[in-house]
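J.: Terminal number for the sequence shown in this note's numbering: 1165, no gaps in between.
Positions of the beta carbon are idealized from the N, C-alpha and C atoms, including for glycine.
Computed from a prediction, not measured in an experiment: that's the story for all the values here.
One structure is given below, represented as structure tokens, and several questions about it will come after.
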Amino acid sequence: MAYRYGDREQIQLFPQAIEDYVSKDDPVRAYDAFVEALDFNELGIILDENHTGNPQYNPRSMVKLLVFGYSYGIRSSRKLERAAYHNIAFIWLMESLKPDHKTIAEFRRNNKSALKETLTQCARLCIKLDLIEGNTLFVDGTKIRANASIKKTWTKERSEEALRKIDERIDEILSECEAADENEQGQPSIVSMQEELHDKNALKAKIEDILKELNKTNKSSINTTDSECARMNSIQGSHAGYNAQAVVDEKHGLIVHTDVVNENNDRHQFATQISQANDTLGQKCLVACADQGYSTTDELEKVDKQDIKVVVPPCEKSSIKKSFTYDSKNDCYLCPEGHILENSGLTSNKKSNIYRIENKSFCLGCSRFN
């Protein structure tokens, strides 16, 4: 059987234009038409054809690059730069313009509000196209790791404990210095002790500044690498990160609003996220839904007062664990009905023990088990 082979060095008498490589129904054409229809003056981006100096990249092309990249999950300026070189859809959209990653990052940094409004206009266009109804909204959150170590996250308790230990060590160094003056034999050198004392005082000053900032901002924690992230708890353990919120429309599951907060839980997010989603859509939803993590009385009342139906399961204040008595000698628990739960090993993440009852039928027939 014969095979077809390509030839990269084949010269064409009439080479194809980039336009020929993008089909008429390719989604990239919709993004191109959408951005072309935007009023950039309303977005706050000035189109100045008489700009002097080195020619800038067309702002419309830069917005197209960012919005189209976001729709495919490409946020990195370096990845967008590579796409402008290698992806035919991006090449067509950019009309062969190839901005470097620094230019892309600078444009995004200088036009944050304009890009946000662009995405808002995109959501409202989806309403006109009947892709979004805006009647029923769902809100949920997910934890995203920050580019920072949890070891650099400081709480008030950790700061106060660190200051206590530093003060103790400073007292020890001063005592060692006095002892070294009296008897130099067998004692650390004065120079090394003075260096350690200087380091401890410098560390103490840094931690005191952190503690002052915690008291001033009333934050639960501060990360010295990324001051905007917070300590997040998840099934993978604690890490420095963010709490990303997303509001989704019921009809096709399209995201209508996103936000990133540095609160460890979702208890204070429900009313805020629904309100911001309504602002994005330009209309008030009829039903707002969320999971149990958003179930706090104040937040639910704020939404309910807007004549929006709230669908959130109640937060169960369970005290079941407190009803169990732990026997440290035998490493087991005694349930309220008098049955023993023995240690059966570790959980999958190796961070906690599992205690099981020998006969599960006792639990299934128990009134406390619901």
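Three or more beta-carbon pairs under 8 angstroms between the region 833-842 and the region 851-858, yes or no?
T.: The region 833-842, when compared against the region 851-858, does touch it at the 8 angstroms Cβ threshold.
J.: Which residues in the same chain have their Cβ closer than 6 angstroms to the Cβ of residue 1019, if we skip the five residues on either side of it in sequence?
T.: Working through the sequence shown from its first residue, we reach residue 1019 at position 224. Here the set comprises 947.
J.: Counting only beta-carbon separations shorter than 8 angstroms, does residue 1107 have a partner in chain D?
T.: Here chain D cannot be found, since the structure has a single protein chain.
J.: In the DSSP output, what is residue 798 paired with across the bridge?
T.: By 1-based counting over the sequence shown, the position of residue 798 is 3. Note: residue 798 sits in no beta bridge, so no partner.
J.: With distance defined between alpha-carbon atoms, name the residue in 1127, 949, 1040, 1078 nearest to residue 1150.
T.: The sequence position of residue 1150 within the sequence shown is 355, counting from 1. Comparing Cα-Cα distances from residue 1150 to each of 1127, 949, 1040, 1078, the minimum goes to 1127.
J.: Rank 1124, 1125, 1077 by C-alpha distance to the C-alpha of residue 923 and give the top, closest one.
T.: To locate residue 923, count along the sequence shown from 1; it is residue 128. Closest option to residue 923, Cα to Cα, is 1077.
J.: Have a look at 1106, 1101, 1136, 1125 and flag the residue whose alpha-carbon is nearest the alpha-carbon of residue 1118.
T.: Translated into the one-based positions of the sequence shown, residue 1118 becomes position 323. Closest option to residue 1118, Cα to Cα, is 1136.
J.: Based on DSSP bridge pairs, tell me the residues matched to residue 1150.
T.: Here residue 1150 is taken as the residue at index 355 of the sequence shown, counted from 1. Residue 1150 pairs with 1138.
J.: Keeping to the same chain, check which residues put their C-beta closer than 7 angstroms to that of residue 878; ignore five residues upstream and five downstream.
T.: The count along the sequence shown starts at 1 and reaches residue 878 at position 83. 864, 869, 885.
J.: Which two residues bound the contiguous beta strand (DSSP E) that contains residue 857?
T.: For this step, residue 857 is matched to residue 62 along the sequence shown. Where residue 857 is concerned, there is no enclosing beta strand (DSSP E), although the alpha helix (DSSP H) it sits in stretches over 854-866.
J.: Measure the alpha-carbon distance for residue 952 versus residue 1046 and round it to whole angstroms.
T.: For the purposes of this step, residue 952 is identified with residue 157 of the sequence shown, where counting begins at 1. For the purposes of this step, residue 1046 is identified with residue 251 of the sequence shown, where counting begins at 1. Those two C-alpha atoms are separated by around 47 angstroms.
J.: So which of 932, 914, 872 has the shortest CA-CA distance to residue 903?
T.: Reading the sequence shown from its first residue, position 108 is the one you call residue 903. Cα-wise, what sits closest to residue 903 is 872.
J.: Contact defined as beta carbons within less than 8 angstroms: I believe residue 1103 pairs with residue 1081. What is the distance between those atoms, to the nearest angstrom?
T.: Translated into positions along the sequence shown, residue 1103 becomes position 308. Translated into positions along the sequence shown, residue 1081 becomes position 286. Confirmed, about 7 angstroms.
J.: Do residue 1040 and residue 929 have their CB atoms nearer than 8 angstroms?
T.: Counted from its first residue, the sequence shown places residue 1040 at position 245. Counted from its first residue, the sequence shown places residue 929 at position 134. Going by C-beta atoms, residue 1040 is not nearer than 8 angstroms to residue 929.
J.: Report all residues from its chain with a CB closer than 8 angstroms to the CB of residue 1138; omit the five preceding and five following residues, and keep chain order.
T.: Along the sequence shown, read from residue 1 onward, the residue named residue 1138 stands at position 343. 1126, 1127, 1148, 1149, 1150, listed in sequence order.
J.: Taking residue 1006 as the reference, which of 798, 839, 1017 has the closest Cα?
T.: Start at 1 with the first residue of the sequence shown, and residue 1006 comes out as number 211. Out of 798, 839, 1017, 1017 has the C-alpha closest to the C-alpha of residue 1006.
J.: Write down every uninterrupted run of the beta strand (DSSP E) in the region 936-1001 whose length is 3 residues or greater and which is fully enclosed by it, in chain order.
T.: 948-950, all fully within the region 936-1001.
J.: Under the three-state reduction of DSSP, which class applies to residue 832: helix, strand or coil?
T.: Reading the sequence shown from its first residue, position 37 is the one you call residue 832. Reduced to three states, the DSSP call for residue 832 is coil.
J.: Here's the rule I'm using: 16 or more other beta-carbon atoms within 10 Å means buried, otherwise exposed. How should residue 899 be labelled?
T.: The sequence position of residue 899 within the sequence shown is 104, counting from 1. Buried, since its Cβ has 16 or more Cβ neighbours within 10 Å.
J.: Please name the residue or residues paired with residue 1037 in a DSSP beta bridge.
T.: Position 242 of the sequence shown, counting from 1, holds the residue named residue 1037. Answer is 939, bridged to residue 1037.
J.: Indicate the three-state DSSP secondary structure (helix, strand or coil) for residue 1072 in the structure shown.
T.: Numbered from 1 along the sequence shown, position 277 holds the residue referred to as residue 1072. In this structure, residue 1072 counts as helix in the three-state DSSP scheme.
J.: In three-state terms, what does DSSP make of residue 917?
T.: Position 122 of the sequence shown, counted from the start, is the residue given in the question as residue 917. Three-state DSSP puts residue 917 in a helix.
J.: Using the Cα positions of residue 1073 and residue 889, report the straight-line distance between them to the nearest angstrom.
T.: Looking up residue 1073 in the sequence shown gives position 278. Looking up residue 889 in the sequence shown gives position 94. Going by the C-alpha atoms only, they are around 33 angstroms apart.
J.: Let's see if you can read the secondary structure: which residues bound the alpha helix (DSSP H) around residue 874?
T.: Taking the sequence shown and counting its residues from 1, one reaches residue 874 at position 79. Residues 872-881.
J.: Comparing C-alpha positions only, which one of 1065, 1068, 858, 797 sits nearest to residue 906?
T.: The residue labelled residue 906 in the question sits at position 111 within the sequence shown. Selected option, being the one with the closest Cα: 858.
J.: May I have the straight-line CA-CA distance separating residue 1022 from residue 1132, to the nearest angstrom?
T.: Your numbering for residue 1022 matches position 227 in the sequence shown. Your numbering for residue 1132 matches position 337 in the sequence shown. Spanning the two alpha carbons is a distance of roughly 49 angstroms.
J.: Mind checking who residue 1016 pairs with in its DSSP beta bridge?
T.: Mapped onto the sequence shown, residue 1016 falls at position 221. Answer is 950.
J.: Taking one C-beta from the region 957-969 and one from the region 989-1001 each time, how about it: are there three or more such pairs within less than 8 angstroms?
T.: Yes: at least three Cβ pairs fall under 8 angstroms.
J.: On the DSSP bridge list, what partners appear for residue 933?
T.: Translated into the one-based positions of the sequence shown, residue 933 becomes position 138. Answer by DSSP bridge pairing, in chain order: 1043, 1084.
J.: Quick one, which of 1056, 1052, 917, 1062 has its alpha-carbon nearest residue 1035's?
T.: Within the sequence shown, the letter at position 240 stands for residue 1035. It is 1056 whose Cα lies nearest to the Cα of residue 1035.
J.: Strictly by DSSP, which residues pair up with residue 1010?
T.: Locating residue 1010 in the sequence shown gives position 215, where the first residue counts as 1. The partner list for residue 1010 (beta bridge, DSSP) is empty, contrary to what the question assumes.
J.: Compute the distance between the beta-carbons of residue 1029 and residue 938, then report whether it is under 8 angstroms.
T.: By one-based count along the sequence shown, residue 1029 stands at place 234. By one-based count along the sequence shown, residue 938 stands at place 143. Result yes, Cβ atoms of residue 1029 and residue 938 sit closer than 8 angstroms.
J.: What does the Cβ neighbour count give for residue 1106, buried or exposed, with the cut at 16 atoms within 10 Å?
T.: Translated into positions along the sequence shown, residue 1106 becomes position 311. Exposed, because fewer than 16 other Cβ atoms sit within 10 Å of the Cβ of residue 1106.
J.: Apart from the five residues on each side of it in sequence, which residues of its chain come closer than 6 angstroms, Cβ to Cβ, to residue 1083?
T.: Looking up residue 1083 in the sequence shown gives position 288. Once the five neighbours on either side are set aside, the close Cβ partners of residue 1083 are 932, 1069, 1098, 1103, 1105.
J.: Please go through the same chain and pick out, in chain order, the residues whose beta-carbon is closer than 6 angstroms to the beta-carbon of residue 934, but skip the five residues on each side of it.
T.: Stepping through the sequence shown from its first residue, residue 934 is reached at position 139. Around residue 934: 1042, 1068, 1085.
J.: Judging by CA-CA distance, which residue of 896, 909, 1002 is the nearest neighbour of residue 840?
T.: Translated into the one-based positions of the sequence shown, residue 840 becomes position 45. The shortest Cα separation from residue 840 among 896, 909, 1002 belongs to 909.
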